[in-house]
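Below: the structure, in structure tokens.
2 protein chains.
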Amino acid sequence: MADCRRLVTEEICRLFDHRSEHRDVLYRLILEYPLREGKALRPTLAIATCRALGGDVEAVLPTAATLELYHNAFLVHDDVEDDSMMRRGRPTLHVEHGVPIAVNVGDAMFCLSLKPLLDNVEVVGLGPALRILETVAHMTRESVEGQAIELDWIRNNRWELEDSDYVDMVVQKTGWYSFIVPMQVGAIAAGASQEQVNELVAFGRELSVAFQITDDLLNVRADPQEYGKEIGGDLWEGKRTLILLHAVRTTSASDREQAIEILARPRPPSDRVAQVQDLLDHLVTVEELTPAGRGELEGAVWGGSTTVKTLADVQWLFDLLGRQGSIDYAAGAARRYADAAATRLDGLRWLLASPHRAVLEGLVRYVHERNR
Amino acid sequence: MADCRRLVTEEICRLFDHRSEHRDVLYRLILEYPLREGKALRPTLAIATCRALGGDVEAVLPTAATLELYHNAFLVHDDVEDDSMMRRGRPTLHVEHGVPIAVNVGDAMFCLSLKPLLDNVEVVGLGPALRILETVAHMTRESVEGQAIELDWIRNNRWELEDSDYVDMVVQKTGWYSFIVPMQVGAIAAGASQEQVNELVAFGRELSVAFQITDDLLNVRADPQEYGKEIGGDLWEGKRTLILLHAVRTTSASDREQAIEILARPRPPSDRVAQVQDLLDHLVTVEELTPAGRGELEGAVWGGSTTVKTLADVQWLFDLLGRQGSIDYAAGAARRYADAAATRLDGLRWLLASPHRAVLEGLVRYVHERNR
Numbered sequence: 564m565a566d567c568r569r570l571v572t573e574e575i576c577r578l579f580d581h582r583s584e585h586r587d588v589l590y591r592l593i594l595e596y597p598l599r600e601g602k603a604l605r606p607t608l609a610i611a612t613c614r615a616l617g618g619d620v621e622a623v624l625p626t627a628a629t630l631e632l633y634h635n636a637f638l639v640h641d642d643v644e645d646d647s648m649m650r651r652g653r654p655t656l657h658v659e660h661g662v663p664i665a666v667n668v669g670d671a672m673f674c675l676s677l678k679p680l681l682d683n684v685e686v687v688g689l690g691p692a693l694r695i696l697e698t699v700a701h702m703t704r705e706s707v708e709g710q711a712i713e714l715d716w717i718r719n720n721r722w723e724l725e726d727s728d729y730v731d732m733v734v735q736k737t738g739w740y741s742f743i744v745p746m747q748v749g750a751i752a753a754g755a756s757q758e759q760v761n762e763l764v765a766f767g768r769e770l771s772v773a774f775q776i777t778d779d780l781l782n783v784r785a786d787p788q789e790y791g792k793e794i795g796g797d798l799w800e801g802k803r804t805l806i807l808l809h810a811v812r813t814t815s816a817s818d819r820e821q822a823i824e825i826l827a828r829p830r831p832p833s834d835r836v837a838q839v840q841d842l843l844d845h846l847v848t849v850e851e852l853t854p855a856g857r858g859e860l861e862g863a864v865w866g867g868s869t870t871v872k873t874l875a876d877v878q879w880l881f882d883l884l885g886r887q888g889s890i891d892y893a894a895g896a897a898r899r900y901a902d903a904a905a906t907r908l909d910g911l912r913w914l915l916a917s918p919h920r921a922v923l924e925g926l927v928r929y930v931h932e933r934n935r
Numbered sequence: 564m565a566d567c568r569r570l571v572t573e574e575i576c577r578l579f580d581h582r583s584e585h586r587d588v589l590y591r592l593i594l595e596y597p598l599r600e601g602k603a604l605r606p607t608l609a610i611a612t613c614r615a616l617g618g619d620v621e622a623v624l625p626t627a628a629t630l631e632l633y634h635n636a637f638l639v640h641d642d643v644e645d646d647s648m649m650r651r652g653r654p655t656l657h658v659e660h661g662v663p664i665a666v667n668v669g670d671a672m673f674c675l676s677l678k679p680l681l682d683n684v685e686v687v688g689l690g691p692a693l694r695i696l697e698t699v700a701h702m703t704r705e706s707v708e709g710q711a712i713e714l715d716w717i718r719n720n721r722w723e724l725e726d727s728d729y730v731d732m733v734v735q736k737t738g739w740y741s742f743i744v745p746m747q748v749g750a751i752a753a754g755a756s757q758e759q760v761n762e763l764v765a766f767g768r769e770l771s772v773a774f775q776i777t778d779d780l781l782n783v784r785a786d787p788q789e790y791g792k793e794i795g796g797d798l799w800e801g802k803r804t805l806i807l808l809h810a811v812r813t814t815s816a817s818d819r820e821q822a823i824e825i826l827a828r829p830r831p832p833s834d835r836v837a838q839v840q841d842l843l844d845h846l847v848t849v850e851e852l853t854p855a856g857r858g859e860l861e862g863a864v865w866g867g868s869t870t871v872k873t874l875a876d877v878q879w880l881f882d883l884l885g886r887q888g889s890i891d892y893a894a895g896a897a898r899r900y901a902d903a904a905a906t907r908l909d910g911l912r913w914l915l916a917s918p919h920r921a922v923l924e925g926l927v928r929y930v931h932e933r934n935r
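As you go down the protein sequences, you meet chains A and B in turn.
In terms of the numbering used here, the first sequence opens at residue 564 and continues consecutively.
In terms of the numbering used here, the second sequence opens at residue 564 and continues consecutively.
Next comes the structure, spelled out in structure tokens:
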């Protein structure tokens, strides 16, 4: 994975860094997240699949770099949407440069992805280049639909959701662009048949769900009282995870009501508004304002809601997960999806036994090891 | 133009409205701005150019609809970036649905533009479809670079700018995607030669600058005292227009200093924060806080800046434009660009005399009539 990351980072720099004319106002910012060294999961999947089919790394590299760029574009905009403060150990782009610049940098990353995919005609030939373009067009549709569904759940505080709703959303939002399409474009670049490309859907689907549940579990492994917002961010955000859906579904009616009420509360917003709150607490004593006046003021500060989630709220949710056995439940589900993925991968005999195929097997194993 | 708007709106609906599964969470929102009936300038240019070359409207319609979708995607994100409240007489998307959903809807519009451009292979054949894709890829690069330059000027309060800086930025930010590329894709869809397609650049460049200066002039035609923020929005935003650049460049050193200081102040932010300010004024009397304490509190509310632009500030800027003759100066420049555009259009003899060519001639005339 480290090799793939290095290759892809070099390719992204090659694609964009030479445009020195506007380097400081745009291209340096485009390279900001990619240079913060993520896991490079998508390029790794693309390169491993291509090579396990006997293809050259050069054939897939521009496409792999493009997928990494799409991924980072989604991250830039996700950070704006969630008002996240940190990304890969540094302040997020909109925190450093403001929302306008961050939105435009994300747009630029989406828009600039088209060119390398068109240049692919020179790299893999016309037919495969068009198949890759069609595959990416489909991928982006799935991603934005999945994101829209999740945002809709949050906005309307929807919790009457089945596990299958969660699974469908995860496959749309991250399955296609993080797992299925990276493998598909690797296969296309290696000259795979359309049947082989189609067979990767089922494997990628199972693997993506196994991964997402594992990710969700890592997020609630530790007690929020001990770690504050670093751990348990999903509870602060009210994210619909398989874990939380299970807890809400299986608990008593009164606990369910309380859980949904807590989850509807916004999390404490970003530093600036928190700072206002601190100042209000500091400068305006309770005696100087009537309770109604203070409530009105706080309501305005918090955007119409007078209550935000507190650490006690999040601790209560965390304890609920424990009481309902939701963490064990989700770990079991992750194992089952990983098993299903392993079975699917076994069926893909045309991915030749090699260190490249072993990368895919290693991802399945990772889920099992994390969820023992 | 009304006919083009109707055709393109129908085409956009055809492309997206049938996806009923996610209609409520995504596709209804994608159609929101396009259905608010803009001018349909870009589709009109694409269709007029195509038909003036003897092409069919069907050949260019999917591409024209895609350009309109790109345009509306930029509008959705621009509204987030500028925190604009209204768009075409109704609240902006992020005001109605929140920033997260608005950012995702804009992303969806960008991402979903790829598919109709790939389907163009069926409509215009492989060669022209690929040329259109290359043209659009280039267009989006110019747009995001232009936007990045303008955001950089605002962020760093840069005013030591020449008219040529303004012209270059305008051509990049709006010239390519609003004028040059719509005509280019119309020409490609009609089977024009690459030489003909290239000749459209110079005409579109002159026309776009003439249009943008005219737009900027309309924005400062009326006295801000009379119209509040509806008119003079560019002054509130501190937008680098040819008009304002002239005024800042030609005035006395002390007025220049004052102008730049005013322009560096943020405009009063959106309703929610203004509401906090009102409440602070209402609930916290001056006696209850020391001046330092109040300044600290306001600074936090306004994001670190203790001063925002006032109506008096904007009136002062408006009066400066009058004193310096900057409005006449810019109107003269608009006329010169329109003249240059007319000369370029005269040279394009291969655009056949027809109602379609007359549309292009009418746009040049519009600039002259507005800036008499």
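Every residue, glycine too, gets a C-beta built ideally from N, C-alpha and C.
Values in this document were obtained by computation on a predicted structure and should not be read as measured data.
For Asn761/B, the uninterrupted alpha helix (DSSP H) segment begins and ends at Gln757 to Asn782.
When only Cα atoms are considered, Cys576/A and Leu594/A end up about 7 Å apart. Separation of the CB atoms of Glu769/A and Arg907/A is rounded to 6 Å, and the pair is thereby assigned contact status at 8 Å. In the structure shown, the three-state DSSP call for Met672/B is helix. Flagged as an interface residue toward chain A: Val707/B, by a C-beta distance shorter than 8 Å. Residue pairing by DSSP places Met649/A opposite Pro654/A in a beta bridge.
Spatial neighbours of Glu600/A in its own chain (CB-CB distance under 8 Å, excluding positions within 5 residues in sequence) are listed in chain order as Arg568, Thr572 and Arg651. Contact between the stretch 683-701 of chain A and the stretch 737-749 of chain A is established, with three or more Cβ pairs separated by less than 8 Å. Sequence-distant partners of Ser756/A (beyond 5 residues in either direction) whose C-beta falls short of 8 Å from its own C-beta are missing from its chain. Under the 8 Å criterion on CB atoms, Asp778/A is classed as non-interfacial with respect to chain B. Spatial neighbours of Asp715/B in its own chain (CB-CB distance under 8 Å, excluding positions within 5 residues in sequence) are listed in chain order as Arg721. Residue contact with chain A for Val658/B: absent (no Cβ-Cβ distance below 8 Å to any residue of chain A). When secondary structure is reduced to three states using DSSP, Thr804/B falls in the coil class, being assigned neither helix nor strand. Non-local C-beta neighbours of Val658/A in its own chain, meaning closer than 7 Å and more than five positions away in sequence, comprise Met648, ordered along the chain.
Distance between Lys678/A and Leu578/A, taken at the CA atoms: about 9 Å. Within the stretch 587-606 of chain A, the residues whose Cβ lies closer than 7 Å to any Cβ of chain B are, in chain order, Val588 and Leu589. Within 10 angstroms of the beta-carbon of Leu880/B lie 16 or more other beta-carbons, which makes it buried. Under the Cβ distance rule, Leu675/B counts among the residues neighbouring chain A, one pair being separated by less than 8 Å. The stretch 583-663 of chain A is shown to contain no whole beta strand (DSSP E) run of 3 or more residues. Chain B has no Cβ within less than 8 Å of the Cβ of Leu908/A.
Sequence-distant Cβ neighbours of Leu826/A in its own chain, meaning closer than 6 Å and more than five residues away, are Gly801. For the 8 Å CB-CB criterion, Leu763/B and Ala750/B form a contact. In terms of Cβ geometry, Met672/B and Gly709/B do not form a close pair [threshold 8 Å]. Each of Pro625/A, Leu675/A, Tyr900/A and Ala816/A was checked against the Cα of Asn683/A, and the nearest Cα belongs to Pro625/A. In the structure shown, Glu705/B adopts helical secondary structure according to DSSP, grouped into three states.
Taking 9 Å as the cut-off between beta carbons, the residues of the stretch 680-703 of chain A near chain B are Leu680, Leu681, Val684, Leu689, Leu693, Leu696, Glu697, Val699, Ala700, His701, Met702 and Thr703, in sequence order. Of all residues in the stretch 736-747 of chain B, none comes within less than 7 Å of chain A when Cβ atoms are compared. Using a Cβ-Cβ cut-off of 7 Å, Arg803/B is close to nothing in chain A; its nearest Cβ partner there is about 14 Å away. Going by DSSP, Ala816/B is part of the alpha helix (DSSP H) stretching over Ala816 to Ala827. Boundaries of the alpha helix (DSSP H) around Arg928/A: Pro918 to Arg933. With a threshold of 8 Å between beta carbons, Leu608/B makes no contact with chain A. Assignment of Gly690/A by DSSP, reduced to helix, strand and coil, places it in the helix class.
Taken atom to atom, the span from the alpha-carbon of Asp587/B to that of Val643/B is near 21 Å. For Arg614/A, the number of other beta carbons within 10 angstroms of its own is at least 16, and it is reported as buried.
Inclusion of Leu923/B and Ala611/B in the CB contact set at 8 Å is warranted, their separation being smaller than that value. When DSSP states are grouped into helix, strand and coil, Leu677/A belongs to the helix group.
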